[in-house]
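What follows is a single structure, written as structure tokens, with notes after it.
Numbering (this note's numbering), first residue to last: 249 to 555.
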């Protein structure tokens with residue numbers, strides 16, 4: 249007797265550490281080449297990855313490990329904050345009341361406010377320090393006409409080096425982290441490009457400064473960092489608003505649903521509903537999943553569908 253084709257499953261993983269759109273490719277590359285993974289689409293706005301996989305070859309825990317190996321974090325399956333995450337208890341019969349189930353909190357990957365603040369702070373640091381670095385550069389001396397000497401008897405190059413340290417090691421930290429993740433996943437993206445440009449310009453300038461030279465490029469590093477951070481900040485602000493709207497809509501899903509099984513009405517976590525389940529929707533209640541009305545008529549809450 250020949251076995252039939254294996255049914256694939258789809259899961260949404262909560263991924264942390266995708267700091268820009270190019271980081272999506274890092275997660276996708278880390279998963280797509282693995283055994284059992286059929287397709288994967290990462291989304292940096294929602295900090296998640298939708299994976300189609302063969303349950304006979306891999307599982308959620310293994311995929312979470314693969315995501316972690318590429319430099320990101322993974323907290324497991326991503327669910328709206330008001331859904332229940334079922335925990336299996338072998339001693340309990342299936343669908344037997346509320347036993348063996350716990351409520352799951354909101355996944356931090358859906359909240360982009362922290363990333364937006366980090367982008368904003370990085371831009372502010374880079375923009376503020378780019379001004380004095382520019383003034384004490386050849387452009388400031390020759391074009392702007394800046395004549396003030398650096399404090400503490402430092403040369404222009406050494407003073408610019410000191411001012412550039414927060415720019416490179418704080419504001420640009422995101423680019424170096426993203427570049428490292430991309431290289432670990434054997435991909436080249438925008439993060440690698442920015443990290444190489446900033447890193448080579450800064451290291452060359454440091455070498456020239458230490459050897460007593462004056463032909464440095466600290467101002468180019470600072471200005472480039474400020475403009476790139478500004479673009480990322482504005483983009484992330486826009487995406488954050490869209491992400492919050494989608495999350496609010498998903499959170500309208502009721503955490504539990506009334507199901508008719510063997511003539512009895514039992515409540516189960518919404519995440520445990522299966523295709524073909526017969527639901528009981530009471531007047532004024534929310535419809536937990538896409539459904540077809542089999543019998544009856546009433547007023548129900550359609551806000552999840554209409555927004």
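Don't be surprised by glycine CBs; every beta carbon is placed ideally from N, CA and C.
Predicted, not measured: the structure shown is a model, and the values here were computed from it.
Contact check, residue i vs residue j, beta carbons under 7 Å
{"i": "residue 488", "j": "residue 364", "result": "yes"}
{"i": "residue 507", "j": "residue 516", "result": "yes"}
{"i": "residue 260", "j": "residue 298", "result": "yes"}
{"i": "residue 521", "j": "residue 533", "result": "no"}
{"i": "residue 272", "j": "residue 303", "result": "no"}
{"i": "residue 470", "j": "residue 537", "result": "no"}
{"i": "residue 277", "j": "residue 296", "result": "no"}
{"i": "residue 529", "j": "residue 548", "result": "yes"}
Residue environment, residue i, which counts as buried when at least 16 other CB atoms sit within 10 Å
{"i": "residue 287", "result": "exposed"}
{"i": "residue 449", "result": "buried"}
{"i": "residue 531", "result": "exposed"}
{"i": "residue 337", "result": "Residue placement at residue 337 is poorly supported in this model, since its pLDDT is 40, which falls under 50; the coordinates still yield a value, given next. So residue 337 ends up on the exposed side."}
{"i": "residue 309", "result": "exposed"}
{"i": "residue 399", "result": "exposed"}
{"i": "residue 561", "result": "Given a span of 249 to 555 for the chain in the structure shown, any question on residue 561 remains unanswerable."}
{"i": "residue 591", "result": "Past the edges of the chain, shown from 249 to 555, lies residue 591, and the structure says nothing about it."}
{"i": "residue 542", "result": "exposed"}
{"i": "residue 539", "result": "exposed"}
{"i": "residue 437", "result": "buried"}
{"i": "residue 377", "result": "buried"}
{"i": "residue 407", "result": "buried"}
{"i": "residue 451", "result": "exposed"}
{"i": "residue 501", "result": "buried"}
{"i": "residue 301", "result": "buried"}
{"i": "residue 349", "result": "Only weak support exists for where residue 349 lies, its pLDDT of 37 falling under 50; the value from the coordinates is given anyway. Burial call: buried."}
{"i": "residue 417", "result": "exposed"}
{"i": "residue 511", "result": "exposed"}
{"i": "residue 526", "result": "exposed"}
{"i": "residue 294", "result": "buried"}
Cβ-Cβ separation, residue j to residue i (assumed contact under 8 Å), whole Å
{"i": "residue 419", "j": "residue 374", "result": "4 Å"}
{"i": "residue 385", "j": "residue 467", "result": "4 Å"}
{"i": "residue 405", "j": "residue 323", "result": "Not a contact, Cβ separation roughly 46 Å."}
{"i": "residue 274", "j": "residue 435", "result": "6 Å"}
{"i": "residue 367", "j": "residue 481", "result": "4 Å"}
{"i": "residue 472", "j": "residue 454", "result": "The Cβ separation is near 16 Å, so there is no contact."}
{"i": "residue 266", "j": "residue 318", "result": "About 10 Å separates the two Cβ atoms, so there is no contact after all."}
{"i": "residue 282", "j": "residue 306", "result": "7 Å"}
Bridge partner(s) assigned by DSSP for residue i
{"i": "residue 517", "result": "504"}
{"i": "residue 322", "result": "263"}
{"i": "residue 290", "result": "297"}
{"i": "residue 307", "result": "Answer by DSSP bridge pairing: none, since residue 307 is not bridged."}
{"i": "residue 549", "result": "534"}
{"i": "residue 257", "result": "301"}
{"i": "residue 512", "result": "509"}
{"i": "residue 526", "result": "508"}
Count the C-beta pairs between the stretch 433 to 444 and the stretch 393 to 407 that are closer than 8 Å, then say yes if the count reaches three, no if not. no
Cβ contact (3+ pairs, closer than 8 Å) linking the stretch 368 to 387 and the stretch 406 to 413: yes
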